[in-house]
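A quick write-up on the structure given underneath.
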Amino acid sequence: KEFGDIVADVRGRGLMLGLEFHDQSGSTSEIIREQAGAGLLGYLFSGYLLRVHSLRIFPTASATNTLRFEPSVYLTDEEIARTEAGLRGLIVVLREQDGETLLHGGATAE
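Take the sequence shown: its letter number 103 is residue 103 in UniProt numbering, and every next letter is one higher.
Below, the structure written as structure tokens:
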């Protein structure tokens with residue numbers, strides 16, 4: 001309920017979960033809107049999570065607006081907290097419709 005405006009559904013059993021995001025094809029961000037229209041939004045999310053939060057989470061093959069979680073059985077409390085922080089960060093970026101951060105987040109000028 002806390003993220004119902006961004007997250008459409010959470011499915012799965014145990015630690016094997018799918019996090020489905022609402023359609024973003026009407027986004028005010030051109031970057032988010034174009035990626036949603038091309039069916040690539042989940043890959044944009046995955047790139048952001050890897051660059052900014054060092055999380056390897058990928059979209060499902062059948063629904064690219066759904067991220068799948070398949071963690072190790074040896075997942076630690078610290079890793080759970082880092083995953084939660086990363087997902088909360090992603091949700092904040094989506095609420096703010098900040099496509100630039102999704103695309104370039106964590107990048108540094110050289």
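Where a beta carbon is used, it is the ideal one built from N, C-alpha and C, also for glycine.
Local Cβ density within 10 Å of residue i, reported as buried at 16 or more and exposed below that
i, result
"Ser-46", "buried"
"Tyr-48", "buried"
"Leu-41", "buried"
"Leu-87", "buried"
"Ile-57", "buried"
Segment limits, beta strand (DSSP E) that includes residue i
i, result
"Phe-21", "16–21"
"Thr-60", "Looking at the DSSP string, Thr-60 is not in any beta strand (DSSP E), and its letter there is neither H nor E."
"Leu-7", "According to the sequence as given, residue 7 is Val; it is not Leu. From DSSP, the beta strand (DSSP E) with Val-7 extends over 7–13."
Rounded C-alpha distance that separates residue i from residue j
i, j, result
"Gly-89", "Leu-102", "10 angstroms"
"Arg-33", "Arg-11", "25 angstroms"
"Glu-84", "Leu-55", "10 angstroms"
"Asn-65", "Arg-13", "19 angstroms"
"Thr-60", "Leu-44", "13 angstroms"
"Ala-63", "Ser-27", "18 angstroms"
Residue range of the alpha helix (DSSP H) that includes residue i
i, result
"Asp-77", "77–95"
"Val-52", "41–53"
"Thr-28", "Element bounds for Thr-28: n/a, residue is neither H nor E."
"Gly-99", "99–104"
Within-8 angstroms CB hit, residue i to chain C
i, result
"Leu-40", "Judged by its chain identifiers, the structure shown contains no chain C, having just a single protein chain."
Across the region 9–18 and the region 57–72, are there enough close Cβ pairs to call them in contact, namely three or more that are closer than 8 angstroms?
Enough Cβ pairs lie closer than 8 angstroms, so yes.
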